[in-house]
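Below is one structure, written out as structure tokens; the observations come after it.
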Amino acid sequence: MEGYTGKILRVNLTDGEFAVEDLDPDLIRQYVGGRGLGTKILYDEIDPAIDPLSPENKLIFLNGPLTGTGAPAGARYMVITKAPLTNTIACSNCGGSFGPELKQAGYDGIIFEGCSEEPVYLWIDNDNVEIRPAIDLWGKTTHETDDLIKAEIEDKFVARDTQIACIGPAGENMSKLACIISNRNRAAGRTGVGAVMGSKKLKAIAVRGTKGIKIANKEAFKKAVISAMDKLNAGPVTHEALPALGTPVLVNIVNECKILPTYNWQSSSYENANKISGETMAATIVTKHKGCFACSIACAKCTKVDSPDFKGEGEGPEYENIILMGSSCGIDDLAAIAKASYLCNELGMDTISVGGTIATAMELFEKGYLTEKDAGMKLNFGNAKALVAMTEKMGRGEGFGLVMADGGAPLAEKYGHPELFMGVKKLEAPAYDPRGVQGMGLQYATSNRGACHVRGYSMANEILGVHEKIDPLVTEGKAAVVITFQNLTAIIDSAGLCLFVALCPGFLYEEVQGLLNGATGFNYTIDELVQAGDRIWNLERLFNKKAGFTKEDDMLPKRLLEEPAGPNNDVCRLNEMLPEYYKLRGWDNGFPTQEKMSELGLK
Amino acid sequence: MDKIRIKIDHSKCTGCRHCETACSSNHYENIVNPALSRIRVFIDEKTDQFFPVIAGPFTEAECTCKYDVIIDGKEYDECNVCRASCPQRTWFREPDTGVPLKCDLCGDPPSPNCVEICNHGALSIVEI
Numbered sequence: 003m004e005g006y007t008g009k010i011l012r013v014n015l016t017d018g019e020f021a022v023e024d025l026d027p028d029l030i031r032q033y034v035g036g037r038g039l040g041t042k043i044l045y046d047e048i049d050p051a052i053d054p055l056s057p058e059n060k061l062i063f064l065n066g067p068l069t070g071t072g073a074p075a076g077a078r079y080m081v082i083t084k085a086p087l088t089n090t091i092a093c094s095n096c097g098g099s100f101g102p103e104l105k106q107a108g109y110d111g112i113i114f115e116g117c118s119e120e121p122v123y124l125w126i127d128n129d130n131v132e133i134r135p136a137i138d139l140w141g142k143t144t145h146e147t148d149d150l151i152k153a154e155i156e157d158k159f160v161a162r163d164t165q166i167a168c169i170g171p172a173g174e175n176m177s178k179l180a181c182i183i184s185n186r187n188r189a190a191g192r193t194g195v196g197a198v199m200g201s202k203k204l205k206a207i208a209v210r211g212t213k214g215i216k217i218a219n220k221e222a223f224k225k226a227v228i229s230a231m232d233k234l235n236a237g238p239v240t241h242e243a244l245p246a247l248g249t250p251v252l253v254n255i256v257n258e259c260k261i262l263p264t265y266n267w268q269s270s271s272y273e274n275a276n277k278i279s280g281e282t283m284a285a286t287i288v289t290k291h292k293g294c295f296a297c298s299i300a301c302a303k304c305t306k307v308d309s310p311d312f313k314g315e316g317e318g319p320e321y322e323n324i325i326l327m328g329s330s331c332g333i334d335d336l337a338a339i340a341k342a343s344y345l346c347n348e349l350g351m352d353t354i355s356v357g358g359t360i361a362t363a364m365e366l367f368e369k370g371y372l373t374e375k376d377a378g379m380k381l382n383f384g385n386a387k388a389l390v391a392m393t394e395k396m397g398r399g400e401g402f403g404l405v406m407a408d409g410g411a412p413l414a415e416k417y418g419h420p421e422l423f424m425g426v427k428k429l430e431a432p433a434y435d436p437r438g439v440q441g442m443g444l445q446y447a448t449s450n451r452g453a454c455h456v457r458g459y460s461m462a463n464e465i466l467g468v469h470e471k472i473d474p475l476v477t478e479g480k481a482a483v484v485i486t487f488q489n490l491t492a493i494i495d496s497a498g499l500c501l502f503v504a505l506c507p508g509f510l511y512e513e514v515q516g517l518l519n520g521a522t523g524f525n526y527t528i529d530e531l532v533q534a535g536d537r538i539w540n541l542e543r544l545f546n547k548k549a550g551f552t553k554e555d556d557m558l559p560k561r562l563l564e565e566p567a568g569p570n571n572d573v574c575r576l577n578e579m580l581p582e583y584y585k586l587r588g589w590d591n592g593f594p595t596q597e598k599m600s601e602l603g604l605k
Numbered sequence: 006m007d008k009i010r011i012k013i014d015h016s017k018c019t020g021c022r023h024c025e026t027a028c029s030s031n032h033y034e035n036i037v038n039p040a041l042s043r044i045r046v047f048i049d050e051k052t053d054q055f056f057p058v059i060a061g062p063f064t065e066a067e068c069t070c071k072y073d074v075i076i077d078g079k080e081y082d083e084c085n086v087c088r089a090s091c092p093q094r095t096w097f098r099e100p101d102t103g104v105p106l107k108c109d110l111c112g113d114p115p116s117p118n119c120v121e122i123c124n125h126g127a128l129s130i131v132e133i
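Chains as they are written, first to last, in the working numbering: chain A, 3 to 605; chain B, 6 to 133.
Given below as structure tokens:
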């Protein structure tokens, strides 16, 4: 089998056994890999109604066929499980070098089952697989864990090639905002996948591989790689904006469009946006550009903060967390935002959800629903020191941080004002206000893992005009646009590519098809890929149905539907888009009809 | 073009290792494997330093003397940036056979794959 290794490692943590299994080529072809294949495996193997933190949940790390092949931006591995934060299907994906190294070791992925009694980590050196004790690693930050595992490896060059994915204290404490970190600062961030790892007492996976990945057609693949790179190099976002400023390039753009969440989404533009912009960041704290494996974009920014209060270094912050921790908390101190991001990476938490939860807490505090006594500190908007202090408390599960570490929805509920939680399906919303970009509202509402931007980034057309410029303020036609992006994203994720390729004009199915066919030799047609994307989206939806979700869960926070804001002083007119969305999807009552399921070969 | 050299500007390297995949897939039939690459990027994740190193000659023995190098104010064991294929290092040797690997300035006329694929200006060709 080419493109894939054809093997998956199954590790049972309860009895400490593992086995190497063959992947079914027919299944692979239908679900491509990564997100699609992982969802299929999870759907077939677990009852979606289980408690995500119980031993019955499974945790699947899975590469796509393009991961590690040298396809540009083909660095992604995906973590598929039932999500503790949302109770939905989870697929969080991550760049860096971990996925490629796992594939070099001979595995498309790993399925973890059961739960260990004592903390362990998994060691993989090609065929040599060991479940090792991790008692000494428990309690350590992600950076310390990385250092300690590598220090145990005798040959320092082997240590250098070893790639590690791990959780920090947040994951150990089963915070529902916990993520999985690899390469020290890359995160499989959203929906609390780190808590599942913590519930299984699995601290880390360390992998080193030297086996190689087979490519079906060397010449065709090389041609597809060059074509893809030429496209990426001709795109203003992928060739200029992201390499120069990283994702924070969006701060000023989004603020000018008046869709920048501010003061927990009470406003949609921020007077001090320039202080937290990508331009300011580049001029003050960025030290270096960094790229994930085989990436021709290199959007990551290494940063260093010297100010005594917030001293530190690491990667980021990224656009989303600058806004959620910045303007949404009324904070214009980039150093503090960077420090809170560093803490999130070290303690292993999702920066978006942490920012969103703190913003909710700040509004609760400002309105007098949450007291200083309860919170243990003054949580007023604009309090940069409180942002950093609370982030640390959340990550370590200390004091009121323990309450906040389960996310904004339970917090707002606890203090009697659920309407102050700004998210969908308990997932804190990312940083685009749908009152001025209607398609994103539909995307947040319908995304299978809750309010999420990377499941269907209609922003690409609505605001950035990447493939086609469309009016962000209208609802007409948005259902079709959102569906197109959702299905394409499912294929990009499943292939192992980074979603940023879709921010380049014309990087659509044809480019992905060229790369996939060169690597796998499957000779996918475009229609087949479009249908596979649709199939993956529908299967995720069916998982959620079995997990107990209903049409009523496809709902935005009241504020976005009732309190006007944004460039047109409008609300998000979800009701104008949702029925059409269901109709175009072939769904009845929010879920696939029997006819739709048969069309896609789903049961 | 008569003769060329490869110029490495480590300040422009992003540590993406695209050169490693390009080199290995060019020298082996239908396989991608950084462990078979004749260029490796030494990555120090703690300091975010990235040094591409191109495989040079094979040496039978380990070095008898060692030194440390200081680059951008940080100290490194010279082995990290050395280009020899040697018994002390896993780099630049085939993992299964131990056969040493050496850059052959591939292409006719030379147009090394690693340079072609590098999108960040870290690798370039200089005519001499």
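Cβ coordinates follow ideal geometry from the N, Cα and C atoms, glycine included.
Distance from the CA atom of M80/A to the CA atom of N95/A, rounded to whole angstroms, is 4 Å. According to the DSSP secondary-structure assignment, I215/A is paired through a beta bridge with V37/B.
At a beta-carbon threshold of 7 Å, the residues of chain B lying near R186/A are E50, ordered along the chain. Pairing F20/A with E132/A, the inter-Cα distance amounts to about 9 Å. The three-state secondary structure of V131/A, taken from DSSP, is strand. Note that the C-beta distance between C506/A and V239/A is below 8 Å.
Taking the beta carbon of C21/B as reference, the chain A residues within 7 Å of it are G293, C294, F295, A296, C297, A300, listed in sequence order. In this model, F524/A and R31/A are separated by some 8 Å (Cα to Cα).
Taking a cut-off of 8 Å for Cβ pairs, the stretch 434 to 448 of chain A and the stretch 175 to 193 of chain A do not touch, as fewer than three such pairs fall below it. If you check the CB distance, G40/A and A497/A do not come in under 8 Å. DSSP links Q165/A through a beta bridge to V209/A.
The C-beta distance from K471/A to A51/A rounds to 44 Å, too long to fall under 8 Å, and the pair is not in contact.
Contact between I48/B and G20/B holds, since their C-beta atoms are separated by about 5 Å, short of 8 Å. Put simply, the stretch 255 to 264 of chain A touches the stretch 431 to 445 of chain A. At least three CB pairs are less than 8 Å apart. Of all C-beta pairs linking the stretch 24 to 40 of chain B to the stretch 204 to 217 of chain A, three or more are shorter than 8 Å, placing the two stretches in contact. Within chain A, the residues placing a beta-carbon under 7 Å from that of S30/B are G72, I217, K220, ordered along the chain. Looking at the DSSP output, I59/B bridges to I44/B.
Interface residue (Cβ-Cβ distance to chain A less than 8 Å): R94/B is classified as such. Not a single CB atom of chain A sits nearer than 8 Å to the CB of P114/B.
DSSP, read as helix, strand or coil, puts D113/B in coil. Using a 10 angstroms sphere on the CB of K428/A, the tally of other CB atoms reaches 16 or more, which defines it as buried. By the Cβ criterion, the stretch 505 to 519 of chain A is in contact with the stretch 233 to 247 of chain A, since at least three pairs of Cβ atoms, one from each stretch, lie closer than 8 Å. In the pairwise beta carbon analysis, the stretch 78 to 96 of chain B is classified as not touching the stretch 583 to 590 of chain A: fewer than three pairs are separated by under 8 Å.
Secondary structure of W125/A (DSSP, three-state): strand.
When N519/A, L475/A, F551/A, L604/A are compared, the shortest CA-CA separation from P569/A is found for L475/A.
Remark: C-beta atoms of P319/A and S355/A do not approach each other more closely than 8 Å.
Between the stretch 269 to 284 of chain A and the stretch 325 to 343 of chain A, the count of Cβ pairs shorter than 8 Å is three or higher; the stretches touch.
The contact set of G214/A on chain B, defined by CB atoms closer than 8 Å, consists of S29, Y33, I36, V37, N38, A40, L41 in chain order. DSSP, read as helix, strand or coil, puts M351/A in strand. By the C-beta density criterion, P310/A is exposed, having fewer than 16 other C-beta atoms within 10 angstroms.
Any Cβ of chain A closer than 8 Å to the Cβ of H125/B would place that residue at the interface, and such an atom is present. With its beta carbon at least 8 Å from every one in chain B, Q165/A lies outside the interface.
Sequence-distant Cβ neighbours of L499/A in its own chain, meaning closer than 6 Å and more than five residues away, are L68, A75, G76. Nearest to P594/A by alpha-carbon distance, out of L562/A, G550/A, R537/A, E578/A, is R537/A. Proximity of chain B to N235/A at the Cβ level (cut-off 9 Å) is accounted for by N124, in chain order. Using a Cβ distance threshold of 8 Å, G98/A and G196/A do not count as a contacting pair.
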